[in-house]
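A.B. asks: Per this note's numbering, the sequence shown starts with residue 49, numbered consecutively. Beta carbons are placed, not taken as given, at the ideal position from N, Cα and C, and that holds for glycine.
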Amino acid sequence: ASFLRAVAPPTNAPFLRPDDCATPEAAEFCRMIHAVVAAPTCPALAGIDHANLRWALGHALSRRLGPTMMCPVVDLLNHSGVPNAHYTVAERVHALGGGGGVGNPAAVGNDSDAETYITVADVLDNAMAGVADDDLTEPHVHVQTIAHVTKGEAITVSYAGGPHASEELFRVQWGFVPADDAAKTRVKDLDRLVSIVAW
């Protein structure tokens with residue numbers, strides 16, 4: 049509990065006013081998050097105080113990897129426009145329409161009837177990271193350095209896809225705009241963020 053009190057409060061979408069957003073897509077995303085906080089449709093969230101729910105959504109949004117995963121330690125890596133590491137994340141994907149899905153299935157099956165797989169690229173990531181042969185088709189998260197890191201130096205990653213990630217994407221998802229990036233607005237990044245979070 050003392051750790052949670054020491055964590056800086058988020059300043060991303062749940063704490064932004066839609067009128068403060070530079071693009072209509074970011075404003076709509078903030079309105080969606082505010083609607084979830086004001087009137088949660090999920091029964092498990094119904095009894096949570098609005099301030100606590102807003103705080104939790106802010107942290108979940110800023111610390112998630114992909115649309116549905118939080119990974120201890122990886123969420124503590126800081127952003128840099130010139131990162132010294134990168135990470136890969138593999139999740140089991142449910143095949144659409146009983147087979148095929150997106151990508152190339154490398155593994156099928158779990159304890160449910162739905163077909164699931166991880167992609168061939170994820171299997172290759174596992175192999176290159178030294179995962180045992182028996183676990184190659186299981187989802188893993190890998191953090192790998194891409195530059196020399198000296199003792200005591202922070203390990204950094206790029207939070208968004210490339211040097212042209214939108215300032216507004218950083219503001220609504222992570223609550224800051226990096227000073228070291230030449231960020232340009234890319235509406236498709238915001239559209240993707242809205243589509244991921246739109247429940």
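1) What are the residues that DSSP puts in a beta bridge with Gln192?
2) So, at 8 Å on beta carbons, what are the nonlocal neighbours of Asp67 in its own chain, with the 5 sequence-adjacent residues on each side left out?
3) Which partner residues of Met117 appear in the DSSP bridge assignment?
4) Can you give the Cα-Cα distance for Ala180 and Ser110, rounded to whole angstroms?
5) Give me, in chain order, the residues of the same chain whose beta-carbon lies closer than 7 Å to that of Leu93; leave out the 5 immediate sequence neighbours on both sides.
6) For Asn60, which three-state DSSP category applies?
7) With a threshold of 8 Å on Cβ separation, who are the neighbours of Asp173 within its own chain once the five nearest residues in sequence on each side are excluded?
8) Is the separation between the beta-carbon of Val85 and that of Leu105 shorter than 8 Å?
C.D. replies: Considering the structure as presented:
1) His134.
2) Scanning its chain for C-beta atoms nearer than 8 Å, with the 5 sequence neighbours on each side dropped, one finds around Asp67 the residues Ala75, in chain order.
3) Note: Met117 sits in a beta bridge opposite Leu113.
4) Their backbone Cα atoms lie some 32 Å apart in a straight line.
5) Around Leu93: Leu101.
6) Asn60 falls in the coil class under three-state DSSP.
7) Answer for Asp173: Thr136, Ala138, His188 and His190, listed in chain order.
8) Less than 8 Å divides the Cβ of Val85 from the Cβ of Leu105.
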